[in-house]
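Enquirer:
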Amino acid sequence: MISFSSQTQTNIEFAADLLRQSKHAVILTGAGLSTPSGIPDFRSTGTGLWARDEPLEVASLSTFRTKAETFFEWFRPLANQIFYALPNPAHIAIAEMERLGYLKSIITQNIDALHQKAGSKFVIEMHGTMQTLTCSQCYHQVQAEPYLMPFVTIGEIPHCPDCSQILKPDVILFGEQLPQTAWFKAQKEARQCDLMVVAGSSLEVLPVAGLPMQALDRGAHLIIINNAPTYLNLRADVALFEDVSTILPAIMEKILNG
Ligand SMILES: [Zn+2]
């Protein structure tokens, strides 16, 4: 049993109360949710992946189009970590909250599908997914799984089964638009929720980082659980500087057992 400071304990109780009282709560998750599952934050500076290469350069649509080998070389360690990653207690607590009706949707900046692996149903993926690949020429879409194993183990670049062109992972690269359907759904959720929980996101990547502001402007409550401050901490009802994988299960436990 983890023991928290009395301040943290009070915040956990307050967060549990807000979730219990809400009619339409949504959660926005970021890279911090998957770091306990061993997946580095590939969009932030200071992580191993970013340190090796200039990410804006390598993880971009133009590199994919012009130097696919360079792109896939950069992408391979990340794909490897995602391929073998398992949901952690934060993902499991979120899935449980959704199953019991305390959360209506999960808006995520992550591409690892760990929410779905934990059992979450209504997941809005803002930065795409590793689960599918799309042909850059004929737009044929395939499940990624059969291609991932040869890619992560021997570096075999995935090719379209129809036209043999290179398949692009359906993740949003720098220089690419966010998927429109996901963006519309997320905005709808932000506008109609009465509580937004931000978990494991420093709210630095626009436009997703603006969603909690939309919720606040319509009178929603805000809970922020992140190990670093965000630009909205002062406006949050509850702000917890803690590890999501201990706090979210503690909140879930509090919801159930009071
Ligand atoms: Zn094709």
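Throughout the sequence shown, residue numbering follows this note's numbering, covering 1267 to 1524 in sequence. Where is the CB? At the ideal position from N, CA and C, for every residue including glycine. Bear in mind the structure is a predicted one, so any value in this text is a computation, not a measurement.
#1: DSSP three-state label for Val1471, please.
#2: Who are the Cβ neighbours of Arg1501 in its own chain at under 7 Å, not counting the five residues just before and after it?
#3: Strictly closer than 6 Å from CB to any heavy atom of ligand 1: give me those residues in the order they appear in the chain.
#4: What did DSSP end up calling Asp1525 once you bin it into helix, strand or coil?
#5: In the DSSP assignment, find the unbroken alpha helix (DSSP H) run with Asp1436 in it and report its ends.
#6: Which value, in whole angstroms, describes the spacing of the CA atoms of Val1504 and Glu1364?
#7: Residue ranges of each beta strand (DSSP E) run of no fewer than 3 residues wholly in the stretch 1473–1501, ordered along the chain?
#8: Between which two residues does the alpha helix (DSSP H) containing Gln1443 stretch?
#9: Please classify Gln1446 as buried or exposed, where buried requires at least 16 neighbouring CB atoms within 10 angstroms.
#10: Need the endpoints of the alpha helix (DSSP H) that Gln1273 sits in, please.
#11: Kindly indicate which three-state DSSP category Asp1319 falls into: helix, strand or coil?
#12: Using the C-alpha atoms, what's the distance from Ser1271 back to Asn1277?
#13: Can you tell me the Cβ-Cβ gap for Ala1334 and Ile1358, rounded? I've got them flagged as a contact below 8 Å.
#14: Need the endpoints of the beta strand (DSSP E) that Met1396 sits in, please.
#15: Are at least three pairs of beta-carbons, each pair with one atom in the stretch 1279–1294 and one in the stretch 1447–1460, less than 8 Å apart?
#16: Under 8 Å between the Cβ atoms of Ala1486 and Leu1299?
#17: Tell me the DSSP secondary structure of Ser1371 in three-state form.
Expert: In this structure, then:
#1: coil
#2: Leu1482, Leu1488
#3: Cys1401, Gln1403, Cys1404, His1406, Cys1426, Asp1428, Cys1429, Gln1431
#4: Look at the range of the chain in this structure, 1267 to 1524, and you will see that residue 1525 is not part of it.
#5: Where Asp1436 is concerned, there is no enclosing alpha helix (DSSP H), although the beta strand (DSSP E) it sits in stretches over 1433–1437.
#6: 20 Å
#7: 1487–1491
#8: Counting along the chain, Gln1443 falls outside any alpha helix (DSSP H), and DSSP gives it neither H nor E.
#9: Classification of Gln1446: exposed, given that the 10 Å Cβ count is below 16.
#10: It spans 1272–1287 - the alpha helix (DSSP H) in which Gln1273 sits, taken as one unbroken run.
#11: Because the pLDDT of Asp1319 is 48, which lies under 50, any placement of that residue in the model is unreliable, and the number read from its coordinates should be weighed accordingly. Secondary structure at Asp1319: coil, using DSSP grouped into helix, strand and coil.
#12: 10 Å
#13: The Cβ separation is near 36 Å, so there is no contact.
#14: 1394–1401
#15: Yes, the stretch 1279–1294 touches the stretch 1447–1460.
#16: no
#17: strand
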